[in-house]
Amino acid sequence: MLTQTKEVYNIALTLPPVERIELIEHLHFSLASFDLKKRIDTLWAKEAEDRISAFENGELKAIPAKTVFKKIDSYKQNEG
(Lines of atoms letter the chains of each structure in order from A and count residues from 1; the text may use other names and numbers.)
(Lines give C-alpha, C1' and ligand atoms only; values in the text may rest on other atoms or scores of the structure.)
Protein backbone atom coordinates (compact mmCIF):
# COMPACT_ATOMS: atom_id res chain seq x y z
CA MET A 1 0.00 0.00 0.00
CA LEU A 2 1.22 3.50 -0.77
CA THR A 3 1.94 5.78 2.18
CA GLN A 4 -0.96 8.10 1.32
CA THR A 5 -3.30 5.11 0.94
CA LYS A 6 -2.22 3.80 4.35
CA GLU A 7 -2.93 7.19 5.90
CA VAL A 8 -6.42 7.32 4.41
CA TYR A 9 -7.04 3.72 5.49
CA ASN A 10 -5.95 4.42 9.08
CA ILE A 11 -8.14 7.52 9.25
CA ALA A 12 -11.08 5.57 7.82
CA LEU A 13 -10.72 2.96 10.57
CA THR A 14 -11.34 5.64 13.19
CA LEU A 15 -14.75 6.47 11.70
CA PRO A 16 -17.93 5.07 13.24
CA PRO A 17 -19.21 1.96 11.42
CA VAL A 18 -22.02 3.78 9.60
CA GLU A 19 -19.62 6.41 8.27
CA ARG A 20 -17.19 3.69 7.12
CA ILE A 21 -20.03 2.04 5.21
CA GLU A 22 -20.92 5.38 3.61
CA LEU A 23 -17.27 5.86 2.62
CA ILE A 24 -17.16 2.38 1.09
CA GLU A 25 -20.31 3.15 -0.86
CA HIS A 26 -18.89 6.43 -2.18
CA LEU A 27 -15.62 4.75 -3.19
CA HIS A 28 -17.48 1.90 -4.85
CA PHE A 29 -19.72 4.27 -6.80
CA SER A 30 -16.70 6.30 -7.89
CA LEU A 31 -15.48 3.17 -9.72
CA ALA A 32 -18.82 2.19 -11.19
CA SER A 33 -19.98 3.14 -14.64
CA PHE A 34 -23.03 5.32 -15.20
CA ASP A 35 -25.04 2.28 -16.35
CA LEU A 36 -24.17 0.38 -13.18
CA LYS A 37 -25.12 3.35 -10.99
CA LYS A 38 -28.43 3.64 -12.83
CA ARG A 39 -29.07 -0.11 -12.38
CA ILE A 40 -28.29 0.06 -8.65
CA ASP A 41 -30.58 3.08 -8.22
CA THR A 42 -33.34 1.20 -10.05
CA LEU A 43 -32.91 -1.84 -7.80
CA TRP A 44 -33.01 0.30 -4.64
CA ALA A 45 -36.17 2.06 -5.87
CA LYS A 46 -37.81 -1.33 -6.49
CA GLU A 47 -36.74 -2.53 -3.04
CA ALA A 48 -38.27 0.56 -1.43
CA GLU A 49 -41.51 0.09 -3.37
CA ASP A 50 -41.64 -3.60 -2.42
CA ARG A 51 -41.17 -2.75 1.26
CA ILE A 52 -43.92 -0.13 1.14
CA SER A 53 -46.27 -2.62 -0.53
CA ALA A 54 -45.41 -5.30 2.03
CA PHE A 55 -46.15 -2.86 4.85
CA GLU A 56 -49.42 -1.73 3.30
CA ASN A 57 -50.48 -5.37 2.78
CA GLY A 58 -49.69 -6.27 6.40
CA GLU A 59 -46.75 -8.50 5.42
CA LEU A 60 -44.25 -6.28 7.18
CA LYS A 61 -44.67 -4.72 10.59
CA ALA A 62 -43.40 -1.34 11.67
CA ILE A 63 -41.17 -0.90 14.69
CA PRO A 64 -41.58 2.34 16.65
CA ALA A 65 -38.65 4.73 16.21
CA LYS A 66 -38.21 4.89 19.99
CA THR A 67 -37.58 1.12 20.06
CA VAL A 68 -35.12 1.31 17.17
CA PHE A 69 -33.13 4.16 18.71
CA LYS A 70 -33.06 2.39 22.07
CA LYS A 71 -31.57 -0.68 20.36
CA ILE A 72 -29.00 1.48 18.54
CA ASP A 73 -27.99 3.11 21.83
CA SER A 74 -27.61 -0.35 23.35
CA TYR A 75 -25.30 -1.42 20.51
CA LYS A 76 -23.24 1.76 20.89
CA GLN A 77 -22.78 1.13 24.61
CA ASN A 78 -21.60 -2.42 23.94
CA GLU A 79 -19.12 -1.22 21.27
CA GLY A 80 -17.33 1.40 23.26
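Going by our numbering, the first residue of the sequence shown is number 299, and it counts up by one from there.
By construction, the Cβ of each residue, glycine as well, lies at the ideal position given by its N, Cα and C atoms.
Extent of the continuous alpha helix (DSSP H) to which residue i belongs
i    : result
K257 : The structure shown does not extend to residue 257, since the chain is modelled only from 299 through 378, so no value can be given for it.
T303 : 301-311
I322 : 315-329
A360 : Careful: A360 lies outside any alpha helix (DSSP H) and carries neither H nor E.
Among the options, the one whose alpha carbon lies nearest that of residue i
i    : options          : result
K335 : A346, E345, E323 : E323
Cβ shell of residue i (< 7 Å), same chain only, five flanking positions each side left out
i    : result
F327 : K335
Close-in-space but distant-in-sequence residues of the same chain around residue i (CB under 8 Å, 5 per side omitted)
i    : result
L311 : R318
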